[in-house]
Amino acid sequence: MAAMPVALAPQMHIVSVQTGLPTRVVEPERTRLIAVATPPLSETVLQHRLRAVLYYRTDDAPWEEGIWVKESLGEVLCFFPEIAGRLRRGTSGSWGVKLNDAGVRFQQATVEVTMEDFLADQGRNEAALAPWINVTAETPDMCSLLFMQLSQFQGGGYAIGVSCTVLLSDPLSLARFLLTWARKHRDMKAQNNIVQRPMMQYMAYIQRPEICSKRVRSFPIDSVAADGTNAQTMLFRTPGGYETGDLRALAAACINRASNELRVDRPLRFTLIVAPRNSARGATTVETAVTADDLNKGDDGQNLEATVWDELGLEELTLRGVKPVHVSYRIVGGGDEGIVVMMPDGDGFLVAATVPK
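According to our numbering, the sequence shown is numbered sequentially starting from 160.
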């Protein structure tokens, strides 16, 4: 009896690769500092990143939507200059993000699977919908720090996937950026502001839409490394008064609480990242290889308020008049270390504690 054929993995086709640039410049040489408590930054820490994927159910996702995305990105990046920043390594282990110096990598893609089938797959590889290229310590200024991809599914529906290094933006700041972008996207389409810009660069697509069917490259979805699946994240809110407290002890308490509730072994060490209150002018602090001795200084975290990703508000991110049918979040780390990201929120912190499974 002949063997049953093996189902082939769905193909993804990249049809456009562009750079979203701010429409206005900031003051020259403005840089947000990254204070590294224990230099140097390892390659592993440079890959710590956020990933969010939002799924929308619509009858179609025309190629023109990509034009609107790029145009609205350019407008909103003016108000979030760090998002368009370039990572720079200085002397003596210092780092910084040069604001408005690189832009955002934006791609359009098609996927040979329906959105319903993709979401029904418990082992779905969302890394293919929110691409990432590793940041290198040797040439960090040549690496993109934020990727956005619009992926159209067969039969209707599309996904917006975003990957961003935690050295550039924390989950709360990234959510604020995306929500602001969505509002600008909506307003520009409603006011038809795009027609006020030179349209010659799009004329070929208007006259010959078949150009959009050309592919930059194609590959099976499962050929993309399914990163981030070996870690889990919990979110906590702290009471006020922690700004001057022992942030290491607070981070350790979050790691301890997350490990207990997720029923996993406590990591032997973790990386602590504290976001600035002013994302454009403050300094991000990074402390790597916080060890078990520091973990023992933290309590069990029972005084912390556990919260959920929904509080970031991305479930309300409306595009083309509809809200997402599903939103996924992930902090992607590396190896067997934990990651703690502290985000100032009011007079306390929103804390994301990521532990390996």
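Beta carbons: idealized from backbone N, C-alpha and C, even for Gly.
Check, Outcome
"I think VAL272 touches PRO426, with their Cβ atoms under 8 Å apart; what is that distance to the nearest whole Å?", "Not confirmed; about 35 Å, so no contact."
"So PHE238 is in the alpha helix (DSSP H); what residue range does that whole segment cover?", "It is not in any alpha helix (DSSP H) - PHE238 carries neither H nor E in the DSSP assignment."
"Report the three-state DSSP secondary structure of ALA512 (helix, strand or coil).", "strand"
"Considering only residues of the same chain and omitting the five flanking positions on each side of LEU509, which have a CB-CB separation below 7 Å?", "LEU331, LEU394, ARG396, MET502"
"Extract the residue ranges of the beta strand (DSSP E) inside the segment 217-304, only unbroken runs of 3 or more that lie entirely within it.", "245-248, 254-257, 263-273"
"Just to confirm my understanding: we take ASP469, look at its own chain, exclude 5 residues before and 5 after, and list those with CB closer than 7 Å. What are they?", "none"
"Helix, strand or coil for ALA324 per DSSP?", "Sequence check: residue 324 is Thr here, not Ala. Three-state result, THR324: strand."
"When the Cβ atoms of the segment 329-346 are set against those of the segment 250-262, are three or more pairs found closer than 8 Å?", "no"
"In the DSSP assignment, find the beta strand (DSSP E) that holds ASP346 and state where it starts and stops.", "Taken as a continuous stretch (DSSP letters only), ASP346 belongs to no beta strand (DSSP E), being part of the alpha helix (DSSP H) at 330-350."
"For LEU288 and ALA243, I'd like the C-alpha separation in whole angstroms.", "20 Å"
"Where does GLN281 land, buried or exposed, given buried means 16+ other C-beta within 10 angstroms?", "exposed"
"Just to confirm my understanding: we take SER231, look at its own chain, exclude 5 residues before and 5 after, and list those with CB closer than 7 Å. What are they?", "TRP340, LYS343, HIS344, MET347"
"Does THR513 pass the burial test, meaning 16 or more other C-beta atoms within 10 Å, or should it be called exposed?", "buried"
"Here's a check: name, in chain order, each residue in its chain whose Cβ is nearer than 7 Å to the Cβ of LEU473, leaving out the five neighbours to either side.", "ALA211, LEU213, ALA334, LEU337, VAL486"
"Which word fits VAL174, buried or exposed, when buried means at least 16 other C-beta atoms lie within 10 angstroms of its C-beta?", "buried"
"By Cβ distance, which residues of its chain are closer than 7 Å to CYS323, with the 5 residues on each side in sequence left out?", "ARG208, LEU209, LEU304, LEU305, LEU333"
"Considering only the alpha carbon of each residue, which of LEU236, PHE277, ALA268 lies closest to LEU258?", "LEU236"
"Out of GLU234, ALA465, VAL423, point me to the one whose CA is closest to THR182's CA.", "GLU234"
"When you compare the CB positions of VAL449 and ILE193, do they come within less than 8 Å of one another, or not?", "no"
"Which residue from PHE277, ALA268, LEU326, THR178 puts its Cα closest to that of ARG247?", "LEU326"
"In whole angstroms, give me the CA-to-CA distance for LEU431 and PHE378.", "36 Å"
"If you drop the 5 nearest sequence neighbours on each side, which residues of the same chain put their C-beta closer than 6 Å to that of VAL294?", "LEU205, CYS302"
"Jot down the residue ranges of each uninterrupted alpha helix (DSSP H) in the segment 377-438, minimum 4 residues, whole runs only, in chain order.", "406-421"
"At a threshold of 7 Å, does ILE319 count as lining the ligand FAD (C-beta to nearest heavy atom)?", "In terms of ligand content, the structure shown is empty, and the ligand FAD therefore cannot be addressed."
"What number of angstroms, rounded off, separates the C-alpha of ALA390 from the C-alpha of VAL491?", "7 Å"
"How should LEU167 be labelled, buried or exposed, when 16 other C-beta atoms within 10 angstroms of its C-beta is the threshold for buried?", "exposed"
"If you drop the 5 nearest sequence neighbours on each side, which residues of the same chain put their C-beta closer than 7 Å to that of CYS413?", "PHE395, GLY460, LEU463, VAL499, VAL510, ALA512"
"Using 8 Å for Cβ pairs, my map puts ALA442 next to ARG189. What's the rounded Cβ distance?", "No, ALA442 and ARG189 are not in contact; Cβ-Cβ is about 13 Å, not under 8 Å."
"For a test of the three-state rule: what should DSSP assign to GLU188, helix, strand or coil?", "coil"
"Skipping 5 residues on each side, what residues in its chain have a beta carbon closer than 6 Å to that of LEU200?", "none"
"Tell me whether GLU297 is buried or exposed, calling it buried when 16 or more other Cβ atoms sit within 10 Å of its Cβ.", "exposed"
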